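Below: one structure, written as structure tokens.
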Amino acid sequence: MSKADPLADYNAKRDFAKTAEPAGEAKGSDDGNLFIVQKHDATRLHWDLRLETDGVLTSWAVTKGPSPDPDDKRLAVRTEDHPLAYAEFEGTIPRAEYGGGSVMLWDKGTWEPIAGKSAKDLAEGHLHFVLHGERMKGEWLLVRMKPRKGEKRENWLLRKIRDEYAEEGDRLVEHCLTSVLTGRSMAEIAADKEGRFALEGKDGKDFKAQMKAAAEHNADAGKPARKRQKTPDKPPIFRALQLATLVDEVPAGNGWMHEIKFDGYRALVSAAGEVVRVYTRNGHDWTDKFGPLAQHVAALGLPPCLIDGEIVARGNDGNPDFSTLQAVLKRGHGSQSQADALDFHAFDLLELDGRDLTGLANIERKERLEALLRDARPPIHVADHVIGAGEKLLRAMCDARQEGIISKRIDAPYRGRRSKSWVKVKCTNRQEFVIVGWSQSTSKARPFASLLLAQHKGGELAYKGKVGTGFDADTLDDLSSKLARIARKTPPLDVPKSDARGAHWVTPRLVAEIAFAEFTAEGRVRHASFLGLRTDKDADEVTPEQAQAGAKAAPETKVAISSRDRVVFPDSGQTKGQLADYYYSIAPLMLAFAADRPISLVRCPQGRAKKCFFQKHDSGGFGDHVRKVPITEKDGSAEDYLYIDDAVGILQCVQMGTIEFHGWGSRASAVEKPDRLIFDLDPDEGLDFRDVKQAATDIRDRLRDIGLTSFAMLSGGKGVHVVAPVLPGHGWDVHKDFARRFSEALALAEPDRFTATMSKAKRKGKIFIDWLRNQRGATAVVPYSARARSGAPVAAPIAWNELSGFDGADAFSIDDADKLLKRARSKSLAGWGFADQKLPDV
């Protein structure tokens with residue numbers, strides 16, 4: 001954008017002889033604080049948020065529309081500035097022109113930054129502001145996402161701040177369907193193809209009498225959009241699919257997008273015009289099995305493309321149901337009857353018009369997919385997603401008795417293998433098993449009593465128990481027939497005598513999907529139920545799925561802990577074994593803050609009552625999961641510092657007498673780029689904890705005033721930590737200087753309450769704001785770390801709205817692992833410690 005002409009980009013993209021959009025010059029409104037939102041049905045439907053700044057409308061395309069739910073973070077792509085005259089534009093842009101499609105004036109009003117902020121904050125990548133619109137009201141936040149290398153556009157996130165106008169759900173987009181100026185719907189605006197109903201000199205009443213007649217003349221209104229031009233190109237060939245890693249916790253933060261995990265068959269759809277192929281996850285061509293779906297895709301006349309998605313059938317309750325899908329496939333999906341109706345939910349785009357898109361970010365591929373399928377109608381869908389708020393989506397899916405969710409790193413490319421950039425979280429245990437035999441039924445009505453199951457492990461079949469429920473009469477007959485054809489005399493694996501007695505054996509070819517409560521200590525399924533056969537999967541691919549902690553692998557077995565009964569906390573009695581058990585349980589949470597950071601350990605080999613010492617350098621003897629990273633010291637020499645990246649590493653430290661874990665404010669992989677601010681509030685001995693709580697709240701407010709979201713943590717000692725994550729990109733000098741100036745400003749403003757000086761003589765009756773945690777080489781206790789203090793307390797994240805209810809900083813101990821895990825899954829702590837925000841230039 002030209003500084004001399006801020007509307008140069010806007011004017012260059014438009015032919016004003018063909019579009020009714022206004023040309024214009026930078027000219028402010030009377031008050032200078034106009035805002036509008038226009039609903040825009042262009043290449044993809046989106047909502048354009050426009051804020052008046054410096055005589056133009058600064059603009060973002062919000063792809064899913066603004067949400068009043070603070071848990072929903074909506075992608076907002078920065079676009080070119082628009083003239084003020086655009087605030088009254090409503091109509092149709094010719095399809096061949098830039099931005100072609102219908103435009104509705106969806107909301108209008110005024111805006112202002114919150115106190116202490118200004119529109120200039122946009123240059124720093126954030127804006128905290130208040131809207132006074134007809135639909136959008138209260139506080140909102142715009143935050144720019146970290147750009148990827150080579151990325152030309154600016155991706156931002158738009159989020160509602162929790163206030164009296166916040167509410168759960170997506171009411172604004174779902175219920176606000178007409179223009180705030182004319183009362184017209186999008187279809188009515190599209191009907192006015194000649195622009196006969198211009199806005200000038202009219203209000204909403206003038207349109208209501210005319211729209212019905214206009215709609216009758218619109219041949220396209222209410223009908224599917226026209227089919228794209230046919231293309232003679234060949235459809236792309238099959239390629240390996242990306243698979244998700246099973247985890248036990250939903251990843252937190254704005255770096256993840258979350259989708260429904262559909263209960264169906266994974267499919268890769270390859271299309272070019274009327275030529276369509278449907279492949280299974282293993283590359284089998286099942287186009288004939290899914291003929292009607294292929295016809296629906298062909299009707300779209302798509303350019304050459306390769307689409308990843310899931311084929312589902314709906315049960316009686318309307319939800320995707322695997323058993324129903326099996327029944328449809330058994331009957332043969334040759335008809336398009338309602339009973340046999342299948343849906344295809346597309347969630348990724350791998351190729352388009354001969355271009356390989358797998359190297360692009362997940363979010364960009366998803367947007368291109370939405371644009372490609374904008375004219376699609378059921379049974380072809382684009383799978384919806386949310387940014388952040390994964391726990392909320394998981395709860396909704398589990399409440400609806402669905403399978404779970406898939407979480408994907410927003411910036412990750414597509415990999416044709418299993419990876420941790422895609423993770424899945426299930427509501428119940430469901431896995432595939434190979435059928436290796438069956439047991440005789442005592443009832444003549446049943447051809448067998450149960451199926452014997454196995455999975456491949458270490459290149460051999462391992463027995464996993466039986467399943468005897470989940471079969472209806474048709475399934476029993478069908479399975480009996482299939483089992484008879486693959487019968488064999490000898491077992492294909494070792495089976496305990498109690499289960500092998502009287503069993504009939506089969507060649508291990510059939511794959512069954514089984515739901516079960518858990519694995520027993522012997523590795524057998526408990527309370528298992530048959531869901532259906534997986535004809536899309538090969539038996540030799542069936543291996544155990546083991547949930548991993550977040551995006552990190554959890555250890556299959558614990559580290560051997562010696563002297564488990566030795567008392568580490570003599571006043572409260574907890575032992576080394578109990579400390580190890582706590583860390584093993586809490587590792588999925590703690591690793592989000594401790595992994596890949598240089599750490600210092602507080603080691604107390606003889607317990608906290610004896611001699612304890614800090615250790616930050618590698619001295620050997622910890623184990624192979626306690627890593628080391630060379631870091632240059634002030635004198636130019638390099639020393640190996642410790643870091644961990646999994647639960648095994650934590651336990652190996654505990655085995656060596658570690659009680660506390662303290663981490664740097666940067667990653668081991670990016671030591672010189674700090675990414676979190678920590679203000680440790682250390683009260684003088686004579687102060688009450690109420691003073692500390694008030695101080696933490698005041699610091700939160702001051703940080704918020706300069707655009708930083710912060711989080712509270714009980715330190716497990718005497719004070720509270722106020723933590724503000726920041727995007728890396730600045731150095732330690734800038735980081736330390738910001739923390740110092742912020743703390744000194746507070747101390748200068750309220751010298752009776754605060755001091756920013758470490759000197760004990762100057763801390764009498766005051767709270768020391770320890771900003772020194774924010775310099776290179778300094779550490780702070782990591783969330784969920786135990787403390788070498790009386791009672792075995794732990795550093796515990798808390799929500800700001802619950803801070804007032806605590807009487808001390810040691811409210812939780814290593815005895816509270818289950819409570820802490822449950823708290824972390826609560827709505828109030830969702831996303832704790834994560835925010836995409838830049839260090840302010842103040």
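Each step along the sequence shown adds one to the number in our numbering, with nothing skipped, and position 194 is 194.
Where a beta carbon is used, it is the ideal one built from N, C-alpha and C, also for glycine.
Just so it is clear, the structure is predicted and the values come from calculations on it, not from any experiment.
Sub-8 Å separation of residue i and residue j beta-carbons
| i | j | result |
| --- | --- | --- |
| V56 | H40 | no |
| A792 | S813 | yes |
| F679 | W771 | yes |
| V423 | V276 | no |
| A487 | P508 | no |
| T520 | W505 | no |
| V382 | A341 | no |
Beta-carbon contacts of residue i that lie in its chain and below 7 Å, excluding the five residues immediately before and after
| i | result |
| --- | --- |
| K137 | L131 and Y165 |
| V567 | G573, T575 and G607 |
| D317 | none |
| G354 | P304 |
| G831 | A252, G253 and G388 |
According to DSSP, residues forming a beta bridge with residue i
| i | result |
| --- | --- |
| G722 | According to the sequence as given, residue 722 is Val; it is not Gly. DSSP, once it has assigned bridges, lists F679 and A712 as partnering V722. |
| K610 | In DSSP, K610 forms no bridge with anything. |
| T58 | L51 |
| W156 | A76 and R144 |
| H40 | H46 and V103 |
| A786 | V794 |
| K108 | I36 |
Residue of the options minimising C-alpha distance to residue i
| i | options | result |
| --- | --- | --- |
| L105 | L453, Y643 and R50 | R50 |
| W140 | I514, G833, H46 and E112 | E112 |
| F834 | S790, A724 and E168 | A724 |
| A85 | S29, W47, D107 and L45 | S29 |
| G459 | A473, T475, S481 and L493 | L493 |
| C612 | L451, F519, F569 and K289 | F569 |
| A23 | D5, D31, N33 and D565 | D5 |
| A191 | I699, G101 and N254 | G101 |
| V77 | L142, K27 and G133 | L142 |
| F742 | M397, H381, D705 and K827 | D705 |
| V511 | Q431, D581 and G468 | Q431 |
| D107 | A123, T79, F35 and D54 | F35 |
| A778 | F768, W732 and F754 | W732 |
| R844 | L241, N33, P605 and N254 | Outside the shown range of the chain, which is 1 to 842, sits residue 844, and nothing can be said about it. |
| S419 | A240, Q295 and C427 | A240 |
| E97 | R14, C653 and E364 | R14 |
| L373 | M713, A42 and D810 | A42 |
| Q615 | D635, Y643, D596 and T632 | Y643 |
| D72 | D170, G416, A244 and E685 | D170 |
| K289 | V328, D321 and A17 | V328 |
| M397 | L451, A528 and H258 | H258 |
| T757 | K146, P751 and F768 | F768 |
Exposed unless 16 or more other CB atoms sit within 10 angstroms - verdict on residue i
| i | result |
| --- | --- |
| R823 | buried |
| T63 | buried |
| P70 | buried |
| L748 | exposed |
| F344 | buried |
| A517 | exposed |
| G273 | buried |
| P66 | buried |
| R184 | buried |
| S828 | exposed |
| R331 | exposed |
| N282 | exposed |
| R690 | exposed |
| A454 | buried |
| G645 | Per the sequence shown, the amino acid found at residue 645 is Asp instead of Gly. Looking at its Cβ environment, which holds 16 or more other Cβ atoms inside 10 Å, D645 is buried. |
Own chain residues within Cβ distance below 6 Å of residue i, not counting five before or after
| i | result |
| --- | --- |
| H735 | P674 and N774 |
| A271 | P235, V297, L302 and C305 |
| A209 | Note that A209 has pLDDT 44, beneath the 50 cutoff, so the model's placement of it is unreliable and no number is given. |
| P224 | At P224, the pLDDT of 36 sits below 50, so the modelled position is not reliable; the number obtained from the coordinates is stated separately. Cβ within range, chain order: R377. |
| L589 | Y784 and A824 |
| T324 | A313 and G315 |
Closer than 7 Å: residue i CB and nearest the ligand COA heavy atom
| i | result |
| --- | --- |
| D688 | In the structure shown, the ligand COA is absent, as is every other ligand, since no ligand is present at all. |
Cβ neighbours of residue i in the same chain (closer than 8 Å, five flanking residues each side left out)
| i | result |
| --- | --- |
| A696 | L681, A712, V720, V722 and L803 |
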